[in-house]
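In terms of numbering that gives the first Met the number 0, the sequence shown has 260 at position 261, counting the first letter as 1, and numbering is strictly consecutive. Notes to accompany the following structure.
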Amino acid sequence: MKKLISLFVLFSLTGCSFFQMNRSEEGTLQSQRLLEEKDLNTAQESLKSGNFPEALKQFKLFQQTYPVSTYLQFSRIGEGQALEGQEEWFQAAAVYRDVILKTRNLQPDIAALASYRMSFCDEALGDDQKTIASLLDARGLRDSLPLTVGYAEIPARLAAAYSRVGREKEAIQYLNEAEKGIAKIRAEADATKLEKDWLAKTYYQMGSVSTNQLSTETFDGFVNSQTLMQIYLIKTLELNDSRWSPKALKQLAVIYGEMYLQVESVQQNPSLQAHLGGALIHLIDRAELYRPITGQTLNSYQIEFFTLTNDVRSKTEGLLYQGHESMGLTEESKKLNSIKRSGRIKVETQLPEKKVAPGVDPNL
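Spelled out as structure tokens, the structure:
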């Protein structure tokens with residue numbers, strides 16, 4: 000945000016240079032600008048702390064107090080995020096839509112950010128086609144966004160959305176683009192300007208999803224998406240970051256908890272429960288692929304996550320076996336599970352050859 004505000008200040012000062020102002024007027028303008036920045040930063044801090052009702056009040060007050068401020072539309076982005084925090088998705092989307100219309104030509108950086116935030120609302124409302132459209136709009140303006148957003152987060156979220164609608168070719172394409180984006184950031188970004196936790200934050204943002212619209216009807220698409228995307232949250236755990244690793248662990252707990260509830264909710268339909276449960280266990284199998292190899296030490300976040308997945312697996316298998324249904328596991332899951340479970344070795348016994356008298360047809 001500081002970078003964005005600095006840009007606003009630069010643009011404002013450049014515009015003012017065309018006018019002849021005395022020092023008194025310039026001083027008054029500078030004082031006004033500093034006051035606006037202070038109030039805007041106060042609202043932004045409330046937003047960061049998760050105090051969304053207070054942040055909403057402060058952004059609204061800013062707009063009333065400074066109706067012609069250079070930062071007006073940026074404050075409306077904050078208003079939208081405060082509404083998102085309270086799960087007021089329709090209201091937040093309406094704010095972003097209006098901001099995009101008013102800023103696309105003169106403030107493309109604001110329009111790009113509004114389009115990106117709009118995608119979160121679209122996803123929460125269960126409209127994947129609109130989610131894709133909003134992300135593509137933001138991608139078209141990505142050079143106006145921070146590198147981490149434009150070249151990593153946006154393609155990762157596009158991969159997840161395309162996967163949910165069954166367009167695997169596009170999903171893989173954008174997943175690869177996201178990986179290249181991380182490499183680009185590492186190669187081109189000035190390390191002195193990157194925050195210490197930038198990678199953990201970026202991975203967290205890349206893997207974050209909404210479970211608002213998760214249902215038995217959307218379950219398969221959600222699993223397909225998570226098969227690709229949960230790796231970013233698991234990577235966040237691996238980085239052992241004090242701020243973002245706990246957030247990633249919480250997000251993973253919500254995802255697996257909500258999925259288990261869906262499996263549990265269809266006990267009256269054993270066949271459907273077997274299908275959903277098999278898909279959930281397949282997702283756990285995929286997560287297990289990223290468990291540190293034997294001999295490597297797990298940090299506390301990784302320990303808690305893999306304890307969670309073991310618990311979800313156990314409870315899910317309990318539901319399925321109790322329902323007397325064989326689990327609808329994928330072939331990959333069957334192979335992975337067979338590695339972990341010992342079984343009897345079937346010995347092929349060969350029957351002795353039947354002796355027949357010379358010259359006698361053995362088929363008679």
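Glycine is no exception: its CB is placed at the ideal position from the N, C-alpha and C atoms.
| Check | Outcome |
| --- | --- |
| Cβ distance (whole Å) where Leu318 is taken to contact Gln272 below 8 angstroms | 7 angstroms |
| Whole-number beta carbon distance between Leu279 and Thr315, since they are thought to touch under 8 angstroms | 6 angstroms |
| Stretch pair the region 167-176 + the region 79-95: three plus CB contacts closer than 8 angstroms | no |
| Nearest candidate by alpha-carbon position, reference Ile76, set Val67, Thr102 and Thr210 | Thr102 |
| Check whether Ile131 and Tyr95 have beta carbons under 8 angstroms apart | no |
| Thr293 - DSSP class collapsed to helix/strand/coil | coil |
| CB of Ile109 within 8 angstroms of CB of Tyr150, strictly | no |
| Whole-number beta carbon distance between Glu78 and Leu55, since they are thought to touch under 8 angstroms | 6 angstroms |
| Neighbourhood of Glu237 by C-beta, 7 angstroms cutoff - its chain only, sequence neighbours within 5 removed | Gln301 |
| Pair within 8 angstroms by beta-carbon distance, Ser244 and Ala199 | yes |
| Three-state class that DSSP yields for Tyr95 in the structure shown | helix |
| Nearest neighbour of Glu390, chosen from Ser45, Arg312 and Asn104 [CA to CA] | Since the first and last residues shown for the chain are 0 and 363, residue 390 lies out of range. |
| CB contact check: Ser143 to chain B, cutoff 8 angstroms | Given the protein chain composition of this structure (a single chain), no chain B is represented. |
| Option nearest Gln106 by Cα separation, candidates Asp136, Met117, Thr69 and Leu135 | Thr69 |
| As assigned by DSSP and simplified to three states, the class of Glu167 | helix |
| Beta-carbon separation (whole angstroms), Ala155 vs Met228, contact threshold 8 angstroms | 7 angstroms |
| Assumed close pair Gln57, Val98 - CB separation to whole angstroms, cut-off 8 angstroms | No, Gln57 and Val98 are not in contact; Cβ-Cβ is about 18 angstroms, not under 8 angstroms. |
| Rounded C-alpha distance that separates Lys249 from Thr147 | 22 angstroms |
| Whether Ala247 touches Gly206 by CB criterion (8 angstroms) | yes |
| Buried or exposed (CB count within 10 angstroms, at least 16 for buried), Ala182 | exposed |
| Where Gly256 sits in the DSSP three-state scheme | helix |
| Proximal residues to Gly220 (C-beta, below 6 angstroms), its chain only, five neighbours per side dropped | Arg163 |
| Candidates Ser74, Leu297 and Leu144, of which the one nearest Leu39 by Cα | Ser74 |
| Same chain, Cβ closer than 7 angstroms to Gly180, neighbours up to 5 away in sequence not counted | Tyr150, Ala151 and Pro154 |
| Anticipated Cβ contact below 8 angstroms, Ala111 with Ala137, distance rounded | 5 angstroms |
| Straight-line Cα distance separating Phe61 from Tyr320 | 58 angstroms |
| Nearest neighbour of Gln128, chosen from Leu144, Gly139, Ala159 and Leu140 [CA to CA] | Ala159 |
| Status (buried if at least 16 other CB within 10 Å, exposed otherwise) for Ala113 | buried |
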